[in-house]
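Residue numbers (the numbering used here), protein chains in the order written: chain L, 1 to 335; chain Z, 336 to 628. One structure is given here, and the rest of the page talks about it.
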Amino acid sequence: MAGKTSSKAKKSGGRPSDALTPQQLKDMYTKMNHIRAFEEKVAYFFSRGMVHGTTHLYVGEEGTAVGALAPLSDKDLITSTLRGHGHTIAKGIDLNRMMAELLGRTNGYCKGKGGSMHIADLSRGNLGANGIVGGGIPIAAGAALTLKMHKQDQVVVSFFGDGALNEGSFHESLNLASVWDLPVVFMCENNQYGMSMSRHKSINIEDLSDRAKAYGIPGTSIDGQNVFEVYDAMIDAIDHAKKTGPVLLVSETYRYMGHSKSDANRYRTKEEINEWKQRDPIAILRAEMLARNAVDEQELDAIEKQTREDIEVAVRFAEEAGEPDLDDIINDVYA
Amino acid sequence: MSTSREITYAEAIREAMSEEMRKSDDVFLMGEDVGIYGGAFGVSVGMIDEFGEERVRDTPISAAVIVGAAAQHSSSMEAWYTHVPGLKVVIPSTPYDAKGLLKSAIADDNPVVFLEQKLLYRVKGVVPEEEYTIPLSKSDVKREGSDVTVITWGRMVNRCLEVAEELAKEGIELEVVDPRTLMPLDEEPLVASARKTGRVLIVHEAVQTGGYGGEIAARIADSDAFYYLDAPIKRLGRWTFPCPTIPCWRPMWSPPLRRSPPPCEISCNNRRRNRWRHLSSCPRPEWQWKPAR
């Protein structure tokens, strides 16, 4: 059922998310709206033929990226996925250069050569998106090994989807990370489908976090539409990862749009999509902020308006630059 | 005064790894059975004693597809790696090259696939006591000669050098050129040699079909060396079959270098024989060489 989650993480008493300041809440709200506005803009550009290749949109899953990355510092590391715009924005990014990259302009992060799935920003600890399903997981384990060998008090968060749970790289990485007690949080975003394949048809267990048992590490499933639950689970997971070793989190979430731009949504129903939209992560955060009297309606509307304006600014920034020169195509192959 | 001694290929690789690990704590060794076991072929013997198990890390069996497939099926996989933009591919043929190139590979900021051939591990060669490095992407003329350019790498270099000595007795001088780094390829020395001799044979242990020899042949054919060629460019690789385990088939495992006729005759057997004055002593091929399909 849509929205069904097990909430083993919930404990009675005060949770870290109860102590979020109004400013922290506003930052989270801003990021979630940035992600949505960015993705909607990209969808529009794609339909106009202005974004090339393919692109995978994060709309509906904002609670996971923002909740998971809010506790991290710039020094903490992430690896991302082919659906990586949300992680990239949540980790902190220059939206102008990011939009420029998607539009294939020379002022983009990869000089316009990489596009949607190849943005990295080492200055903010973002080791990059990855076009290969499960491709980021061994990189995260490797980065965590580096942190451990350097005795650095940092953590790596590796995002991947439910489809990656059946890849060899997932098993190899969790096995290695668990025997070496690496400081890494494996964050599975279970958006219910690997392209068109329902996870009920691809995985023979109900609670995906049960996979953790095979590696002797903690595994928890959480409600990814509730940014507070993600945040709290992540605080615990980071603590465990730094002190003891890896953790598997499974965030139950949903993508509103198709897998990629070629998706006609034939494998799921409008009813199912609408059911999930009832539990929209941005709406849930908004309601909670109002309930806590952290902000008023006008302020939230102003934030929303500002985030849309920020995206327009990013588009104008991108349009100032040209596309890369043809002769430049053989450059930057090697470091 | 420089001093040299003879050590094996495996020892040269161990020295390169150990020296770099002494220099920088960021360098470490990770792999299957590299620790107490000392590596499946004894390459890392003793390293765990010096550097400890943090820096000489045994891994569970992982990346099984690539490493395992290559090792268990005794295949030569270099062409696969050269096909990936962004990778560098190094395949040293001597202990001297192995040590110098591995040190450069460790220092390089790019991912480098460094291919060691297990049948080379016990081969000995002269290696200086002093520290040295060999830059990546620098081809090396292993033997000068005027008649036929033989481009080869890895284990086939020594075998071609042996053949070259035999043919020298018959008055045929092979020039043996070892690219050492396949990607990015230092092309000019190969082209220059082709221009000089006008005849090119490319030998590799890997299966001929789809092998890297095809790439090198194409590059020479594309270059101005084409106008200097007296004969078609020839390739000699293993025939296309999975690696046999039965001993009687073992000779077929490697390219048919020792079979009659030797490779230079393949190259000799060309239409413009009149330009082969100095090869007049070359015996006529009695065995028609058939390329692998």
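Even for Gly, the Cβ is constructed at its ideal location relative to N, Cα and C. Remember, predicted model here, so these are calculated numbers, not experimental data.
What residue from the options has the CA that sits closest to residue i's CA?
i: residue 227(L); options: 61(L), 50(L) and 57(L); result: 61(L)
i: residue 341(Z); options: 421(Z), 463(Z) and 532(Z); result: 463(Z)
i: residue 369(Z); options: 359(Z), 435(Z), 362(Z) and 388(Z); result: 388(Z)
i: residue 522(Z); options: 495(Z), 491(Z), 567(Z) and 471(Z); result: 471(Z)
i: residue 246(L); options: 308(L), 170(L) and 74(L); result: 170(L)
i: residue 334(L); options: 576(Z), 339(Z), 423(Z) and 436(Z); result: 423(Z)
i: residue 508(Z); options: 520(Z), 480(Z), 485(Z) and 514(Z); result: 480(Z)
i: residue 74(L); options: 91(L), 208(L), 253(L) and 224(L); result: 91(L)
i: residue 166(L); options: 211(L), 140(L), 294(L) and 196(L); result: 211(L)
i: residue 484(Z); options: 374(Z), 418(Z), 524(Z) and 534(Z); result: 534(Z)
i: residue 178(L); options: 152(L), 317(L) and 142(L); result: 142(L)
i: residue 112(L); options: 256(L), 330(L) and 322(L); result: 322(L)
i: residue 260(L); options: 84(L), 78(L), 275(L) and 292(L); result: 84(L)
i: residue 187(L); options: 176(L), 80(L), 257(L) and 122(L); result: 80(L)
i: residue 71(L); options: 201(L), 237(L), 34(L) and 122(L); result: 237(L)
i: residue 469(Z); options: 544(Z), 386(Z) and 443(Z); result: 443(Z)
i: residue 285(L); options: 213(L), 330(L), 331(L) and 304(L); result: 304(L)
i: residue 418(Z); options: 549(Z), 478(Z) and 358(Z); result: 549(Z)
i: residue 89(L); options: 135(L), 39(L) and 204(L); result: 39(L)
i: residue 329(L); options: 302(L), 114(L), 207(L) and 189(L); result: 114(L)
i: residue 331(L); options: 420(Z), 357(Z), 525(Z) and 383(Z); result: 420(Z)
i: residue 356(Z); options: 453(Z), 513(Z) and 390(Z); result: 390(Z)
i: residue 189(L); options: 164(L), 307(L), 180(L) and 168(L); result: 164(L)
Just checking my contact of residue i with residue j at CB under 8 Å: how many whole Å lie between their CB atoms?
i: residue 456(Z); j: residue 344(Z); result: 5 Å
i: residue 510(Z); j: residue 476(Z); result: 7 Å
i: residue 32(L); j: residue 66(L); result: 5 Å
i: residue 221(L); j: residue 185(L); result: Contact flag wrong, Cβ pair sits at about 14 Å.
i: residue 225(L); j: residue 279(L); result: 5 Å
i: residue 461(Z); j: residue 339(Z); result: 5 Å
i: residue 540(Z); j: residue 411(Z); result: 5 Å
i: residue 223(L); j: residue 199(L); result: At roughly 16 Å, the Cβ-Cβ gap does not stay under 8 Å, so residue 223(L) and residue 199(L) are not in contact.
i: residue 63(L); j: residue 230(L); result: 6 Å
i: residue 196(L); j: residue 267(L); result: 4 Å
i: residue 300(L); j: residue 29(L); result: 7 Å
Per DSSP, residue i is paired with what?
i: residue 338(Z); result: DSSP, once it has assigned bridges, lists no residue as partnering residue 338(Z).
i: residue 234(L); result: For residue 234(L), which the question treats as bridged, DSSP gives no partner whatsoever.
i: residue 484(Z); result: 510(Z) and 535(Z)
i: residue 361(Z); result: In the DSSP output, where bridge partners are listed per residue, residue 361(Z) has none listed.
i: residue 366(Z); result: 393(Z)
i: residue 516(Z); result: 425(Z)
i: residue 447(Z); result: 423(Z)
i: residue 188(L); result: 160(L) and 250(L)
i: residue 542(Z); result: 573(Z)
i: residue 197(L); result: 194(L)
i: residue 383(Z); result: According to DSSP, residue 383(Z) bridges with nothing at all.
i: residue 77(L); result: 156(L)
Below 8 Å CB to CB, which residues in the same chain sit around residue i once its five sequence neighbours on both sides are set aside?
i: residue 367(L); result: Residue numbering for chain L in the displayed model covers 1 to 335; residue 367(L) lies beyond these limits and cannot be assessed.
i: residue 360(L); result: Look at the range of chain L in this structure, 1 to 335, and you will see that residue 360(L) is not part of it.
i: residue 392(Z); result: 363, 364, 365, 366, 369 and 370
Which term fits residue i, buried or exposed, when burial requires 16 or more other beta carbons within 10 angstroms of its beta carbon?
i: residue 158(L); result: buried
i: residue 615(Z); result: Unreliable placement is indicated for residue 615(Z), whose pLDDT of 30 sits below 50; no coordinate value is reported for it.
i: residue 283(L); result: exposed
i: residue 577(Z); result: exposed
i: residue 407(Z); result: Confidence in residue 407(Z) is poor, its pLDDT being 45 and thus under 50, which makes the residue's placement unreliable; the coordinate value appears in the next sentence. Exposed, since its Cβ has fewer than 16 Cβ neighbours within 10 Å.
i: residue 269(L); result: exposed
i: residue 515(Z); result: buried
i: residue 151(L); result: exposed
i: residue 93(L); result: buried
i: residue 58(L); result: buried
i: residue 404(Z); result: Because residue 404(Z) sits at a pLDDT of 43, beneath the cut-off of 50, its placement in the model cannot be relied upon, and the following sentence gives the value as read from the coordinates. Exposed, by the Cβ-count rule.
i: residue 599(Z); result: Because residue 599(Z) carries a pLDDT of 48, less than 50, the predicted location of this residue cannot be relied on, and no value is offered for it.
i: residue 336(L); result: No answer is possible for residue 336(L): it lies beyond the span of chain L, which begins at 1 and ends at 335.
i: residue 87(L); result: buried
Can you find the residues in the same chain that come closer than 6 Å, C-beta to C-beta, to residue i, ignoring five residues on each side of it along the sequence?
i: residue 433(Z); result: 344, 347, 348 and 427
i: residue 605(Z); result: Unreliable placement is indicated for residue 605(Z), whose pLDDT of 41 sits below 50; no coordinate value is reported for it.
i: residue 109(L); result: 97, 101 and 119
i: residue 529(Z); result: 484, 535, 555 and 560
i: residue 564(Z); result: 533
i: residue 41(L); result: 311
i: residue 76(L); result: 125, 154 and 155
i: residue 318(L); result: 99, 100, 103 and 105
i: residue 314(L); result: 95, 96 and 99
i: residue 173(L); result: 137, 138 and 141
Quick one: residues in its chain with C-beta nearer than 7 Å to the C-beta of residue i, no 5 flanking neighbours on either side, listed in chain order?
i: residue 416(Z); result: 422, 424 and 448
i: residue 68(L); result: 157, 187, 230 and 234
Q. Taking a cut of 8 Å between CB atoms, which residues from the stretch 415-427 of chain Z lie near chain C?
A. Protein chains in the displayed structure are L and Z, and chain C is not among them.
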